[in-house]
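Below you'll find the structure, written out as C-alpha cells, and then a few comments.
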Amino acid sequence: MDRAQESGAVVLKDRERIDDLQRNGYRIIQHPGKFCFGMDAVLLSGFATARKGELVLDLCSGTGIIPLLMEAKTEAARLTGLEIQEESADMARRSVLLNGLEEKIHIVTGDIREADRYFSSASFDVITCNPPYMTGQHGLTNPEASKAIARHEILCTLEDVVSQTARLLRVGGHFYLVHRPFRLAEIITALVRHRLEPKRMRLVHPYLDKEPNMVLIEAVRGGKSRMTVEKPLVIFSGQGVYTEEMREKYGF
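Right under this line is the structure:
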C-alpha cells in the first residue's frame, strides 16, 4: 500500500515529490523512480505559442508538464493532456489540482492511436507533442516499464502522432513537436504526407561545438510550402553554465 502524505488538498503517494516550476508559482508532482520531465519538454513549451481563447491539446502528456507551462505563458482558453499511462495521468491530475487549474487544464487517460475517439475532428487550434524518440532498434530499452514507454515507440509511433494530429487539428492550426535530429527526414516526410506543412525549425545544441541533439518543429495544417530555419539554440556556454538565452528565456 502507498504511504501517502497530504499537501494541501492533494495526496502524495510513496516516493513522489513536488517540484517548483519557477512559473507563476506553479508546482508539479513527480516520481523520481519513474519518469520526470526533461529539458525537451521545457524547450517545447518555450517554442510553442497559443493565442487568447485557443484550445490546446498535448499528446503523450506524461505528468502534465507542457499543459502547466503553456497555461503559465499563454491565454489559451483550455488545455488538454492525453496520456496512456494511468500512473502518469494521475500525477498530472493531482498537479492540476495542486495549482488550482481544474477549470483550465483537463487530463485524459487514453491511447493516442485512438485519440479521434476521445476528441472531435478539427477541434483544436494548437497541438503539442514530446513523443517517444527511439524506435525498437535504437538505444537500450529501459527496464522500468514506464520509462521505456515514454522513451521508446512501444505504445505509439511517429506515424501515430502525426496522423492523429492531422485529424484533430483545425485547418490553419499549429502543431509543435520536439524530437531527435537523426529522424528529421522521417519527421518531415510524415508531416508533409499528412498535410502538416513544416513552417519553422530550430536545432538545439548542448554546446556550441557539439552536434544538435534535439530539433523543434512547427507545422501548420494545410499551410503553404515555406519553412524558416531559425538560428541554433545552444544550452550551455561551459560546463554547467547555461547560455544567456537559456537564462533569460527559460529562467535557468
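Quick note on numbering: the sequence shown equals residues -17 to 234 in our numbering. Ideal Cβ positions, reconstructed from N, Cα and C, are used throughout, including at glycine.
Cα-Cα separation, residue i to residue j
{"i": "A130", "j": "G44", "result": "The predicted position of A130 is uncertain, since its pLDDT is 47 and thus under 50; a value taken from the coordinates is nonetheless stated next. So the two alpha carbons sit approximately 13 Å from each other."}
{"i": "G46", "j": "I10", "result": "8 Å"}
{"i": "L159", "j": "L(-6)", "result": "31 Å"}
{"i": "R162", "j": "G35", "result": "31 Å"}
{"i": "N112", "j": "L26", "result": "8 Å"}
{"i": "R196", "j": "V202", "result": "In the sequence under discussion, the amino acid at residue 196 is Met, which differs from the Arg named in the question. One C-alpha to the other measures close to 20 Å."}
{"i": "I87", "j": "F101", "result": "15 Å"}
{"i": "Y189", "j": "F218", "result": "5 Å"}
{"i": "R99", "j": "K181", "result": "28 Å"}
{"i": "I66", "j": "K16", "result": "15 Å"}
{"i": "G121", "j": "A172", "result": "At G121, the pLDDT of 47 sits below 50, so the modelled position is not reliable; the number obtained from the coordinates is stated separately. Their Cα atoms are separated by approximately 22 Å."}
{"i": "E(-2)", "j": "N81", "result": "16 Å"}
{"i": "A58", "j": "L79", "result": "18 Å"}
{"i": "P114", "j": "E141", "result": "12 Å"}
{"i": "I0", "j": "A71", "result": "15 Å"}
{"i": "A104", "j": "L37", "result": "11 Å"}
{"i": "A167", "j": "E179", "result": "14 Å"}
{"i": "F234", "j": "G154", "result": "33 Å"}
{"i": "A97", "j": "E68", "result": "15 Å"}
{"i": "Y224", "j": "G63", "result": "30 Å"}
{"i": "T210", "j": "E227", "result": "20 Å"}
Option nearest residue i by Cα separation, candidates the options
{"i": "H156", "options": "F19, R33 and R(-3)", "result": "R33"}
{"i": "R208", "options": "M196, L190 and V174", "result": "V174"}
{"i": "E84", "options": "P49, V202, K231 and E200", "result": "P49"}
{"i": "R177", "options": "V160, E200 and D191", "result": "E200"}
{"i": "Y232", "options": "A30, D98 and K206", "result": "A30"}
{"i": "R95", "options": "C42, G15 and E179", "result": "C42"}
{"i": "R60", "options": "G205, D40, K181 and T171", "result": "D40"}
{"i": "M73", "options": "K206, D(-4), M196 and V223", "result": "D(-4)"}
{"i": "G205", "options": "L166, R152 and A167", "result": "R152"}
{"i": "S165", "options": "S77, G63, L64 and P194", "result": "The displayed chain sequence assigns Arg, not Ser, to residue 165. Here the closest residue by C-alpha is P194."}
{"i": "D107", "options": "I0, R(-1), L150 and L198", "result": "L150"}
{"i": "T139", "options": "G154, I169 and T110", "result": "I169"}
{"i": "K278", "options": "S103, S70 and Q221", "result": "Since the first residue shown for the chain is -17 and the last is 234, residue 278 is missing from the structure and cannot be characterised."}
{"i": "R76", "options": "T210, H13 and A104", "result": "H13"}
{"i": "E230", "options": "D1, I0 and G28", "result": "G28"}
{"i": "L198", "options": "V38, T110 and E69", "result": "T110"}
Residue i: first and last residue of the uninterrupted beta strand (DSSP E) it sits in
{"i": "Q12", "result": "R9 to Q12"}
{"i": "A201", "result": "M196 to R203"}
{"i": "D2", "result": "R(-1) to D2"}
{"i": "D72", "result": "It is not in any beta strand (DSSP E) - D72 instead sits in the alpha helix (DSSP H) that spans E68 to L80."}
{"i": "F106", "result": "F106 to C111"}
Terminal residues of the alpha helix (DSSP H) in which residue i lies
{"i": "K213", "result": "Where K213 is concerned, there is no enclosing alpha helix (DSSP H), given that its DSSP letter is neither H nor E."}
{"i": "L51", "result": "I47 to K55"}
{"i": "D93", "result": "No alpha helix (DSSP H) contains D93, which DSSP labels as neither H nor E."}
{"i": "E65", "result": "From DSSP, E65 is part of no alpha helix (DSSP H) but of the beta strand (DSSP E) over R60 to E65."}
{"i": "K(-5)", "result": "Here K(-5) belongs to no alpha helix (DSSP H), and DSSP marks it neither H nor E."}
{"i": "K231", "result": "E226 to Y232"}
Take every Cβ of the stretch 183 to 198, pair it with every Cβ of the stretch 209 to 224, and state whether three or more of those distances are shorter than 8 Å.
yes
Okay, do the stretch 140 to 150 and the stretch -12 to 3 touch, 3+ Cβ pairs below 8 Å being the bar?
no
Fully enclosed by the stretch 16 to 43, which alpha helix (DSSP H) runs are 4 residues long or longer?
Within the stretch 16 to 43, the complete alpha helix (DSSP H) runs of at least 4 residues are 21 to 29.
Any contact of the stretch -2 to 12 with the stretch 45 to 55, i.e. 3+ C-beta pairs under 8 Å?
Contact holds: three or more Cβ-Cβ distances are below 8 Å.
Spell out a yes or no on whether the stretch 86 to 103 and the stretch 10 to 28 are touching, meaning 3 or more CB-CB pairs, one atom from each, closer than 8 Å.
no
Continuous alpha helix (DSSP H) assignments of at least 4 residues falling wholly in the stretch 142 to 191:
Within the stretch 142 to 191, the complete alpha helix (DSSP H) runs of at least 4 residues are 166 to 175.
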